[in-house]
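Chemist: Residue numbers (the numbering used here), protein chains in the order written: chain Z, 10 to 332; chain R, 10 to 332; chain P, -1 to 344; chain D, -1 to 344. Note that CB positions come from ideal geometry on N, CA and C, so glycine has one too. Structure in structure tokens, see below.
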Amino acid sequence: MANPYSKAFLTGLYRQLWTIRAFETRCIQLYRQGLIRGYLHPYLGQEAIAVGVCAALGPQDYLTSTHRGHGHCIARGADLRRMTAEITGKQAGYCQGRGGSMHIADMSQGNLGANGIVGGGTAIGVGAALSARMQGKDSVCAVFTSDGGVMNGTFGESLNLAAAWDLPVLFVIENNQYAVSLPVREATREPELYKRAAGYGVEGRRINGNHVLEVYETAAEYVRRCRAGEGPFVIEALTYRHAGHHVNDPGTYMPEDQKEHYRKMDPCLLGRQFLIELGGASCEEVAAIEADVQQAMDDAVEFARQSPETTIEDFLEQIGGDQ
Amino acid sequence: MANPYSKAFLTGLYRQLWTIRAFETRCIQLYRQGLIRGYLHPYLGQEAIAVGVCAALGPQDYLTSTHRGHGHCIARGADLRRMTAEITGKQAGYCQGRGGSMHIADMSQGNLGANGIVGGGTAIGVGAALSARMQGKDSVCAVFTSDGGVMNGTFGESLNLAAAWDLPVLFVIENNQYAVSLPVREATREPELYKRAAGYGVEGRRINGNHVLEVYETAAEYVRRCRAGEGPFVIEALTYRHAGHHVNDPGTYMPEDQKEHYRKMDPCLLGRQFLIELGGASCEEVAAIEADVQQAMDDAVEFARQSPETTIEDFLEQIGGDQ
Amino acid sequence: MSATPPHDLRARHSSHRGRVQYRTALNEALAEEMRRDPKVFVLGEGIGERGGSYKVTQGLRAEFGAGRVIDTPLAEASFTGVGIGAALTGMRPVVEILFIDFTMLVMDQIVNQAAKVRFMTGNQARVPLVLRTQGGAGNGLAAQHSQSLEALFYHIPGLKVVMPSTPADAKGLLKASIRDDSPVIFIEHKLLYLTEGPVPAVEDYMIPLGKGDIKRTGRDVTLIAWSNMVPRSLAAADKLAAEGIEAEVVDPRTLVPLDEELILASVRKTEHVVIVQEAVRRGGVASDLASIIQAKAFDYLDGPIEIVAGLNTPIPFNLALESACVPQEADIIRAVRRVLGRNACL
Amino acid sequence: MSATPPHDLRARHSSHRGRVQYRTALNEALAEEMRRDPKVFVLGEGIGERGGSYKVTQGLRAEFGAGRVIDTPLAEASFTGVGIGAALTGMRPVVEILFIDFTMLVMDQIVNQAAKVRFMTGNQARVPLVLRTQGGAGNGLAAQHSQSLEALFYHIPGLKVVMPSTPADAKGLLKASIRDDSPVIFIEHKLLYLTEGPVPAVEDYMIPLGKGDIKRTGRDVTLIAWSNMVPRSLAAADKLAAEGIEAEVVDPRTLVPLDEELILASVRKTEHVVIVQEAVRRGGVASDLASIIQAKAFDYLDGPIEIVAGLNTPIPFNLALESACVPQEADIIRAVRRVLGRNACL
Ligand SMILES: Cc1ncc(C[n+]2csc(CCOP(=O)(O)OP(=O)(O)O)c2C)c(N)n1
Ligand SMILES: Cc1ncc(C[n+]2csc(CCOP(=O)(O)OP(=O)(O)O)c2C)c(N)n1
Ligand SMILES: [Mg+2]
Ligand SMILES: [Mg+2]
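This is the structure in structure tokens:
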């Protein structure tokens, strides 16, 4: 493999992979401690998709996210403090504690938000792309969706609109092979989900979603072609969750051998390997990154813990008469 | 062309083609006279699709229809009297005058009804097929839809469900190349609509929708294969309306040369030609069929005219407290 | 007489250009806003060359081009979502859904996305989207093209709901809706498009959302009505005047936000209330208005509030049955007589 | 004390098998109906092997097989449509939509198809479909997983709306819903699944749709509540009893059809009404009940009807804010004191 990647670039990728890993791992702990409530859908095992795609985006670009949205938020450069505050329901959070994990958004970076409705953000992303073009901007919108999300009719509708209007949309299907417990092969007769694109006149491709460089390269090509007016495109990134659907799902329906298979190509493991083998980083350097991330994470948790509770009085005043 | 068709069969097809033609032509007159109100979407120009598909169905089969549904109703064997009564809002109509043109249904023949919501019947048809299988019936459901109907997300959703569950559904896309005034090539980047099927693991085919025998043959093959458990299938029947979207739409956006092109392969003209050339019918025999149909139509109109108005008292009693 | 606030008086007092159709007033509102603000655009089915099923968008494509007057395929849920995405990123889309019945296809996008994004993101974003649609019975279009469904939107926090009854209100409210930062459900009525009325010929004629209007003053009974029930109530009021009954017709114009004070002031004056609603009786907006009035003006009422509403049934195709299902002039007159204790006249 | 009609008394008087969970009662209802009638089947997300998000369908796949306990992909609109098609052709499907919030995706199928087919076809067909779903706040699930949306279905003619508050009601009403020939929207509450109560151990325990229940008798004030507001109102009533206030708690159980007579009889007795609703205040079912009561029992009321309801806001994620948005025991108590003129206690 020729190596067109700089050490700095590979370091950046790995730092993000590891940040997501650390963030989710810590969130699960916080959940078990009762500091996070509601639903928590960890992104563990899928880190390379958010990181690879977001590395291919520029500052002017948009993304729409899913119910499993922490990874997209982090990969798009969100502040861990405000994320942690949000997920623990604090006023200092991105959404003032009103949104939580399933609604985390960072509009300042074009992250239009996670979504509690599977498929809910798909059409919204197409709208962002249309809007950008109308405003003369060079933006692309990455629409993250899932093997479940493509089953919702708005996937076909939105893909069709984006194609009919030649919009710069990159649909990213994170095929982790399950919608909760339903295997994708039971959800559809054609489990190669990218194949749906052709029927709408759209180019698509299935890639290894655990391989951050493969994700990055594919996304970079499609983003470039989107900017050249050739969009939309579809990426189906094959991947696998580390564990169950959410923090309380034991995932007993996931066969051990499959878990094992994907653990061997864990996105963080691969990312570390790229950094060392292609970037020439030393084990110490890797450890330093991880320590750095850990510290940022500790700091974020501390920030969230100390951050004041949102008050009911403020809330009532804010919602006022009519919301 | 080898001729596997009997004169009786071809006579049956032609009688139905001509019945739809006569029915729609008369309805337009009644509309102009103020005897029909509301929306009226004539099936003129598309007759071969309903006739060809329904000829391939057996008595145990189902169909779901569209807002342009008179043709399906007639081809499935409905009573012209009750149809005319319905469309003129009389109590003796199929739906007691409650439904009208857009909701005409004949449940006794497995016609689950026209639909005022474009795409509204698609999933319902899949349900009929599932239901039949659960009840151990050998039924197929023909889901009629349109170039506009496939743009609605339920088309992809329903196709996917039917395929995932191997259901005996025959999706029939009547591609008349417009949704009201929107040409299909502006509605989608891939105007060969049957191509969407492949992405769901489903076989589909585009055919000449004005050619009743081509429609019949394709439908017969797919219905047979549906009964053998190979369903679902998709037929895209290319066709063209004789005139505008509804009786008040002048259809000025339809280019003259295209209208002319399709007029030359008018489904009734072709049907008559098949009857004469393949069935060996004489011009007198054809004229007799047409006269017969005309008489049935006159009789139906007379029946509807003389049929008593539905009374408000009856209606109020019927809806009672809660509908 | 009008309850329009001071800053609109200029408009009221200016010379009118004769009478304008409701659909023309809407068309003017769209055209003016599109001229004023390049971020305003429209999308929907058949709104381009064709000018819309009710001709509200006629001429817009010619003036503003296909880039800002976008014909969509039949994919309501997604093109509404496209509107939301555009609104979140700096545009001001006006999405048209041909019939309010079809808004049932976009409920997720409206209820779970548009109405909630601002709240869920802790005020990071606004959704300045107008969803124009059209409802009501009266043309023999049967059960799937005749509903009055404002109550469904009225119940969802985060949405505004506007239902103009006159050409002037249509224009002034549509312009205000387009400039509003919240998602607005703007509901027209199919029987009003061809009605005519004066429209102030002033620049930027606007009516603030949340301001109702007294369409007729009267001392004996308050008739609360909106959309097509306003002209019908006015016609009933004219007939009642001949019997010596002076009805005040209050048109809230915007159901959310609601001009409660205007309604309550009228109730306190007349002490008798009839609410006229085209939508079916059960669970309609009229019930909510009644619940507010009885809570806030209980001591002024000397009898129950009457609701004249649609029957609890889908709308039938047959024209005679259809009109039996929605309030007619005679139903309003009878209800007024009833609340005034003139049962003898029934 | 119960308003249950005579043919159910047998059930009431029979020996109870201790206490049963709400979710277990639902599970029994499904299993019994599936055993009784091969036409009954269930479909939805994760209802097979997984047994449903709230374990209501646990064990059904094992007993009835994958053919009658169907796991669906995430395509709510279409699998609901599949249910309608199956219902039209002889089956009795029970469709599960995981959260009532997601029913926004199936509104077209429910409102424009299921509710209207029978009417539009002039009675040619019935749609014996039950749509089971689950709503309410209380678990920190935020704005898209916490709504109370019964008002939207309540307004649509052709639908029945059932909202059980106890395990016994859950069982009896679900069985009756499955046997009903109309589409029934059956709304459970996420906070009730683990609650326990007696369930009559009789064969085919059923509660007819349209029969409300007096959950507690009292002479001073009528508390009308449904779903999770019933236990909350009962708790409030216990506290009020300590102050010498005897509240009657009326649970309509089915909102459509509504047991108006039961409600009015209680109102005529107590002459004071508080309606407790978890859904947002504006345009909720409580408003409609208030409008009916003031119309039909005006002379019995000596003060306004109070509505204790959710705030007009999407539900926030933060738990403290969430509970501030929906009625709590203290809110109910305060409202009762208010209607009884005990303002001093506020
Ligand atoms: C419209 C809708 N239906 C159902 C759900 C409940 N739900 C949440 S996540 C999920 C499974 C999603 O699977 P997939 O889309 O593949 O995403 P993944 O969880 O695998 O990332 C379901 C059924 C929902 N949130 N929205
Ligand atoms: C969901 C929905 N959207 C819009 C309409 C209004 N409408 C009725 S027919 C029609 C065009 C349909 O075109 P197509 O589906 O191709 O069918 P055709 O009329 O050509 O038979 C439209 C937009 C509708 N009835 N339902
Ligand atoms: Mg998945
Ligand atoms: Mg068409």
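Would you call the region 69 to 82 of chain P and the region 104 to 114 of chain P touching, i.e. three or more CB-CB distances under 8 Å?
Modeler: Touching, yes, given that three or more Cβ pairs across the two stretches are closer than 8 Å.
Chemist: At the level of alpha carbons, what is the spacing between M161(P) and P229(D)?
Modeler: Distance between the alpha carbons of M161(P) and P229(D) is about 39 Å.
Chemist: Using a Cβ-Cβ cut-off of 6 Å (strictly less than) and excluding sequence neighbours within five positions of G432(D), which residues of its own chain qualify?
Modeler: Limits of chain D in this structure are -1 at one end and 344 at the other, which puts residue 432(D) out of reach.
Chemist: Using a Cβ-Cβ cut-off of less than 8 Å, give me the residues of the region 184 to 201 of chain R that come near chain P, in sequence order.
Modeler: Residues A188, V189, S190, L191, E195, A196 and T197.
Chemist: Run through DSSP, which three-state label would L89(Z) get?
Modeler: Here L89(Z) sits in helix by DSSP.
Chemist: Quick one: is S291(R) buried, meaning 16 or more other Cβ sit within 10 Å of its Cβ, or exposed?
Modeler: When all chains shown are included, S291(R) counts as exposed.
Chemist: Go through its chain and collect everything with a Cβ distance to L7(P)'s Cβ below 6 Å, but skip five positions before and after it.
Modeler: Only weak support is given to the placement of L7(P): the predicted model assigns it a pLDDT of 35, under 50, and the question is left unresolved by the model.
Chemist: In chain P, which residues lie with their C-beta within 8 Å of the C-beta of C104(Z)?
Modeler: Simply M118, T119, G120 and Q122.
Chemist: Go through its chain and collect everything with a Cβ distance to E244(D)'s Cβ below 7 Å, but skip five positions before and after it.
Modeler: The residues are G216, R217 and D218.
Chemist: Tell me whether D156(R), by its Cβ, gets closer than 8 Å to a heavy atom of ligand 2.
Modeler: Yes, since a heavy atom of ligand 2 falls inside the 8 Å radius drawn around the Cβ of D156(R).
Chemist: Counting contacts by CB-CB distance shorter than 9 Å, is G208(R) in contact with chain Z?
Modeler: Yes, its Cβ sits closer than 9 Å to a Cβ of chain Z.
Chemist: Can you list the residues of chain P that Y71(Z) reaches, using a CB-CB cut of under 7 Å?
Modeler: The answer, in chain order, is T87.
Chemist: Is there a Cβ of chain R sitting closer than 9 Å to that of L129(P), yes or no?
Modeler: Not an interface residue.
Chemist: What does the Cβ neighbour count give for P259(Z), buried or exposed, with the cut at 16 atoms within 10 Å?
Modeler: It counts as exposed.
Chemist: With a cut-off of 8 Å on the beta carbons, I'd call Q100(Z) and G109(Z) a contact; round off their distance for me.
Modeler: Incorrect: roughly 13 Å between the Cβ atoms, too far for contact.
Chemist: Got a sec: does ligand 3 put a non-hydrogen atom nearer than 8 Å to the Cβ of Q186(Z)?
Modeler: Answer for Q186(Z): yes, Cβ within range of ligand 3.
Chemist: Tell me the DSSP secondary structure of L147(D) in three-state form.
Modeler: DSSP places L147(D) in coil when its eight states are reduced to three.
Chemist: I'd like the span of the beta strand (DSSP E) that includes D307(R), first residue to last.
Modeler: It is not in any beta strand (DSSP E) - D307(R) instead sits in the alpha helix (DSSP H) that spans C292 to Q315.
Chemist: At what residues does the alpha helix (DSSP H) containing F18(Z) begin and finish?
Modeler: Unbroken alpha helix (DSSP H) run through F18(Z): K16 to R41.
Chemist: Would a C-beta distance cut-off of 9 Å place H7(Z) and A123(Z) closer than the cut-off?
Modeler: Absent from the structure is residue 7(Z), since the part of chain Z shown begins at 10 and ends at 332.
Chemist: By the DSSP assignment, the beta strand (DSSP E) with E186(P) in it spans what residues?
Modeler: First-last of the beta strand (DSSP E) with E186(P): V182 to H187.
Chemist: Going by the C-beta, is H337(Z) closer than 8 Å to any heavy atom of ligand 2?
Modeler: Residue coverage of chain Z in this structure runs from 10 to 332, which leaves residue 337(Z) outside it and unanswerable.
Chemist: Leaving aside the five residues before and after G49(D) along the sequence, list all residues of the same chain whose C-beta is less than 6 Å from its C-beta, in chain order.
Modeler: Once the five neighbours on either side are set aside, the close Cβ partners of G49(D) are T55 and Q56.
Chemist: Between the Cα of D115(R) and the Cα atoms of V127(R), V189(R) and G86(R), which residue gives the shortest distance?
Modeler: Nearest C-alpha to D115(R): G86(R).
Chemist: Is D106(D) close to chain R? Criterion is C-beta to C-beta, closer than 9 Å.
Modeler: Chain R, which has a Cβ nearer than 9 Å to the Cβ of D106(D), makes this yes.
Chemist: Could you tell me which chain R residues have their CB closer than 9 Å to the CB of T163(Z), listed as they occur along the chain?
Modeler: Near T163(Z) (Cβ distances below 9 Å), the residues of chain R are G162.
Chemist: Mapping the DSSP letters down to three states, classify D35(P) as helix, strand or coil.
Modeler: Here D35(P) sits in coil by DSSP.
Chemist: Bridge partners of T252(P), per DSSP?
Modeler: According to DSSP, T252(P) bridges with V160(P).
Chemist: Within the chosen definition, does the region 186 to 198 of chain Z reach the region 163 to 172 of chain Z through at least 3 CB pairs nearer than 8 Å?
Modeler: No, the region 186 to 198 of chain Z is not in contact with the region 163 to 172 of chain Z.
Chemist: State the Cα-Cα distance for the pair S117(Z) and L247(Z), rounded to the nearest angstrom.
Modeler: Using only the alpha carbons, I get a separation of about 30 Å.
Chemist: Excluding five sequence neighbours on each side, which residues of the same chain lie with their C-beta closer than 7 Å to the C-beta of G170(D)?
Modeler: Cβ within range, chain order: Y203, M204 and I205.
Chemist: Could I get the ranges of all uninterrupted alpha helix (DSSP H) runs contained in the region 223 to 270 of chain P, with 4 residues as the minimum, in chain order?
Modeler: Whole alpha helix (DSSP H) segments, 4+ residues: 227 to 240 and 258 to 268.
Chemist: Is the shortest distance between the beta-carbon of C235(R) and the beta-carbons of chain D less than 9 Å?
Modeler: No, C235(R) does not count as interfacial toward chain D.
Chemist: Name the chain P residues that come within less than 9 Å of N169(Z), Cβ to Cβ?
Modeler: Under the 9 Å cutoff, chain P gives P71, A73 and S76.
Chemist: Output, in sequence order along the chain, the residues in the region 294 to 326 of chain D whose CB is closer than 7 Å to any CB in chain B.
Modeler: Absence of chain B from the displayed structure is noted, the protein chains being Z, R, P and D.
Chemist: Where DSSP assigns a beta bridge to R215(R), which residues make up the other side?
Modeler: According to DSSP, which records beta bridges pairwise, R215(R) is partnered with E245(R).
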